[in-house]
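J.: Before we start, here is the structure in question, set down as structure tokens.
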DNA sequence: GATGCGTGGGC
DNA sequence: TGCCCAAGCAT
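Numbering (UniProt numbering), first residue to last: 1 to 365.
Put into structure tokens, the structure is as follows:
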């Protein structure tokens with residue numbers, strides 16, 4: 001820590017920008033985003049689904065998934081009845097697959113223990129699988145107007161800039177401080193619709209004008225109230241010491257292909273362990289080195305082809321994927337392997353990691 | 001409190 | 001290419 005950190009009062013309450021909530025709500029109603037498919041509803045199921053999909057995921061990505069998922073599972077009962085594999089297939093490519101498992105569990109808890117009705121308070125919502133403090137606040141504020149603050153990446157950026165808050169957000173204690181401050185900035189006596197406009201306004205401001213790089217301070221509705229904006233130092237915030245380290249790894253993927261009776265192809269897929277990367281998804285056999293992959297094959301592997309390596313980065317790892325393609329005769333199956341043949345045309349119905357799906361879709365002849 | 005967990009995009 | 005980030009949560 002540097003300067004005069006933790007012990008100082010967060011921000012003297014007299015210095016909190018009065019009128020912030022009022023200005024923000026007015027701006028949101030006039031200039032915020034209104035056409036997103038999960039807006040304009042107070043249905044907790046739809047809001048919940050969107051909030052979970054949007055965790056650490058960009059809006060443009062979720063736009064591809066949300067309508068499809070909602071069409072297949074229009075309400076919490078339909079989702080609760082689904083199998084885990086059905087849910088995972090629709091989540092495939094969206095990442096952070098524990099969200100999908102928790103989403104399914106949550107639906108089943110809501111149906112079995114809450115008569116199919118989501119709890120209405122933020123604190124009750126937080127007890128459900130996959131719903132943390134920020135998601136619970138978003139659902140409660142959007143659906144019931146509860147006076148509670150979210151704290152996502154957008155809000156962290158907006159509020160640290162507004163207040164010139166220089167605590168290191170890599171530290172949980174500083175995040176808590178910021179959340180307490182966020183609570184004090186809420187509309188004091190929110191009228192109907194105010195919490196929707198305020199909550200959406202925080203996110204809209206962070207997603208548009210108060211962007212990470214090159215913020216548009218000159219166009220900002222709260223410039224007059226914004227400490228860093230007045231100083232021209234907005235881009236210094238939020239303060240966060242970086243901790244992320246990526247390990248480099250090489251994985252060998254064994255792509256076993258076999259003809260079907262109808263002339264199309266099948267591929268050999270196994271279920272990933274239920275812990276770790278791509279947990280519970282279907283995937284080709286993975287090996288730590290080429291020798292290990294070769295050791296599982298019958299002697300005659302002359303026709304095996306090494307395809308071009310593919311780079312794929314995850315949060316904590318930089319993967320170099322080495323695909324090995326081998327065509328097997330129809331009657332042969334990999335010995336001792338716990339997997340199954342899947343028609344290439346049918347992999348849409350399975351949960352697959354994004355790079356594996358990509359490899360299978362563009363296999364050479 | 002620190003770490004693990006996907007994928008796509010900006011610069 | 002590498003680094004950071006995006007409507008975070010669970011353990």
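C-beta: ideal position from N, C-alpha, C; glycine also.
All values reported here derive from a predicted model rather than from experimental measurement.
Exposed or buried, residue 375, counting other C-beta atoms within 10 Å across all chains shown (16 or more means buried)?
T.: Residue 375 is absent from the model: the chain starts at 1 and stops at 365.
J.: Taking its Cβ as the centre, do 16 or more other Cβ atoms sit within 10 Å of residue 161, making it buried, or is it exposed?
T.: Counting Cβ neighbours within 10 Å, residue 161 comes out buried, since at least 16 surround it.
J.: Quickly, what does DSSP pair residue 369 with across the bridge? List them, please.
T.: Missing from the structure shown is residue 369; the chain here goes from 1 to 365 and no further.
J.: In chain order, what residues of the same chain have a beta carbon less than 6 Å from the beta carbon of residue 221, not counting five sequence neighbours either side?
T.: 23 and 27
J.: Is the separation between the beta-carbon of residue 209 and that of residue 216 shorter than 8 Å?
T.: yes
J.: Among 279, 173 and 192, which has the Cα closest to the Cα of residue 96?
T.: 279
J.: Can you tell me where the beta strand (DSSP E) with residue 124 in it begins and where it stops?
T.: Segment 122 to 125 is the alpha helix (DSSP H) holding residue 124; no beta strand (DSSP E) there.
J.: Residue 311 bridges to which residues according to DSSP?
T.: 320.
J.: With a Cβ-Cβ cutoff of 8 Å, do residue 241 and residue 197 count as a contact?
T.: no
J.: Let's see if you can read the secondary structure: which residues bound the beta strand (DSSP E) around residue 257?
T.: 247 to 259
J.: Alpha carbon to alpha carbon, how far is residue 365 from residue 332? Give it in angstroms, no decimals.
T.: 19 Å
J.: If you draw a straight line from the C-alpha of residue 294 to the C-alpha of residue 244, how long is it?
T.: 34 Å
J.: Return the chain-ordered list of same chain residues with a C-beta closer than 8 Å to the C-beta of residue 20, the five sequence neighbours on each side being excluded.
T.: 162, 185, 222 and 225
J.: Which value, in whole angstroms, describes the spacing of the CA atoms of residue 218 and residue 276?
T.: 45 Å
J.: Go ahead and pull the three-state DSSP assignment for residue 236.
T.: helix
J.: Can you tell me whether residue 306 is helix, strand or coil according to DSSP?
T.: strand
J.: With a CB to CB cut of under 7 Å and the five nearest residues on each side skipped, what residues in its chain are close to residue 12?
T.: Bear in mind that a pLDDT of 44 at residue 12, under 50, signals an unreliable position, so the number given afterwards is only what the model happens to contain. Once the five neighbours on either side are set aside, residue 12 has no close Cβ partner at all.
J.: Quick check: what's the CA-CA separation for residue 137 versus residue 265?
T.: Approximately 48 Å between the Cα atoms of the pair.
J.: State buried or exposed for residue 284, treating a residue as buried only when at least 16 other CB atoms are found within 10 Å of its CB.
T.: buried
J.: If we count the other Cβ atoms within 10 Å of its Cβ and call it buried at 16 or more, is residue 146 buried or exposed?
T.: buried
J.: Is residue 246 near residue 317, with beta carbons less than 8 Å apart?
T.: yes
J.: Taking residue 267 as part of the beta strand (DSSP E), name the residues at either end of that continuous run.
T.: 265 to 271
J.: Just the C-alpha distance for residue 52 and residue 189, rounded to the nearest angstrom, thanks.
T.: Approximately 28 Å between the Cα atoms of the pair.
J.: Let me make sure I understand the geometry here. Which of 84, 203 and 231 has the alpha-carbon closest to that of residue 350?
T.: 84
J.: What did DSSP end up calling residue 343 once you bin it into helix, strand or coil?
T.: strand
J.: Please report the distance separating the alpha-carbon of residue 87 from that of residue 206.
T.: 31 Å
J.: How far does the alpha helix (DSSP H) with residue 183 in it extend, from its first residue to its last?
T.: 172 to 184
J.: What do you reckon, are the CB atoms on residue 139 and residue 151 nearer than 8 Å?
T.: no
J.: Span of the alpha helix (DSSP H) holding residue 165?
T.: Counting along the chain, residue 165 falls outside any alpha helix (DSSP H), and DSSP gives it neither H nor E.
J.: Can you look up residue 117 in the DSSP assignment and give me helix, strand or coil?
T.: coil
J.: Quick check on this structure: which residue in 343, 339, 286 and 142 has the alpha carbon closest to the alpha carbon of residue 322?
T.: 286
J.: Look at the alpha carbon of residue 68 and the alpha carbon of residue 55, and state the distance between them as a whole number of angstroms.
T.: 18 Å
J.: Compare the Cα-Cα distances from residue 177 to each of 193, 159 and 232 and report the closest residue.
T.: When only C-alpha atoms are compared, the closest one is 159.
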